[in-house]
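Numbering-wise, our numbering comes out as the position in the sequence shown, counting from 1, plus 20.
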Amino acid sequence: MVQALENLSIHYRIKGDATRAALYSKLTAEEQARGTPRILSEVPVFLLGIPADEGLTNKEMEALLDSAREKGLKVSDWARRIIGRADVSKDPQASELMALDNLTMGLPEYPTTTQVWEKSAEFGNKISAERFVRCAIEAAEGKIPVEIGKPFVAIMEPVAGTSGGPGVLCLGRSGGGLWLDGRYADSDDQWGPVFRFVVSSRK
């Protein structure tokens, strides 16, 4: 599936010469000439301009979430619990974020959490909860398109919930708006083709 992106302040780039060649082979000469940004499910997509994390404390993260709500981002209690229990980032992550789907990573249609997390490590590093929150804020400001039914999932260290099950952050849009939420990430949980997994790219 190819989706044209227009009138966005965020820009997209394609990773690597091989995947760049695969992308350009699917564009018309006119599109190549003007550099139209597009997403192809076969190639990784960079999300540019996401601010680096600053190693915020839990209290500072609460203030960041409050500012996010003012911009229209809805934050579930589950997401707040995950953020509150996630490790504070010790090393600022300034590298670009990259969104990948199952097809991009060469995974089956419904891979398990273990498969996704292991395979994603070939493309990039895990991201911090803070960095994903900053990504969500950019989406709330209209800089990153989040389609209904096609959520972004943070490739992060899963956080144990009150029930003991591990959870990760998820950013999705529904009829009720843009939500920062949580999602279970047990080792044998399956992830369908609609999910886009976010990692920190390696420069």
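By construction, the Cβ of each residue, glycine as well, lies at the ideal position given by its N, Cα and C atoms.
It should be emphasised that the depicted structure is a prediction, and the values quoted were computed from it without experimental measurement.
query, result
"So what does residue 168 bridge to, in DSSP terms?", "193"
"Would you say the segment 116-130 touches the segment 193-201, given that touching needs at least three Cβ pairs under 8 Å?", "no"
"Tell me, to the nearest whole angstrom, how far the beta carbon of residue 14 is from that of residue 147; I am working on the premise that it is less than 8 Å.", "In the structure displayed, the chain extends from 21 to 223; residue 14 sits before or after that span and is not available."
"Which of the three DSSP states is assigned to residue 132 in this structure?", "strand"
"First and last residue of the alpha helix (DSSP H) that includes residue 99?", "97-105"
"For residue 83, does the count of other Cβ atoms within 10 angstroms reach 16, so buried, or fall short, so exposed?", "exposed"
"Specify the secondary structure class of residue 94 as computed by DSSP and reduced to three states.", "strand"
"Taking residue 90 as the reference, give the member of 172, 171, 160 and 73 with the closest Cα.", "160"
"For residue 134, does the count of other Cβ atoms within 10 angstroms reach 16, so buried, or fall short, so exposed?", "exposed"
"Measuring only the C-alpha atoms, how far is residue 106 from residue 177?", "8 Å"
"Taking 7 Å as the cut-off, is the beta-carbon of residue 67 closer than that to any non-hydrogen atom of the ligand GTP?", "What this structure holds is no ligand at all, so the ligand GTP is not there to describe."
"Rounded to a whole number of angstroms, what is the C-alpha to C-alpha distance between residue 192 and residue 216?", "10 Å"
"Per DSSP, what kind of secondary structure is residue 41 in: helix, strand or coil?", "With a pLDDT of only 48 at residue 41, under the threshold of 50, the placement of this residue in the model should not be trusted; the figure read from the coordinates follows. Of the three classes helix, strand and coil, the one that applies to residue 41 here is helix, per DSSP."
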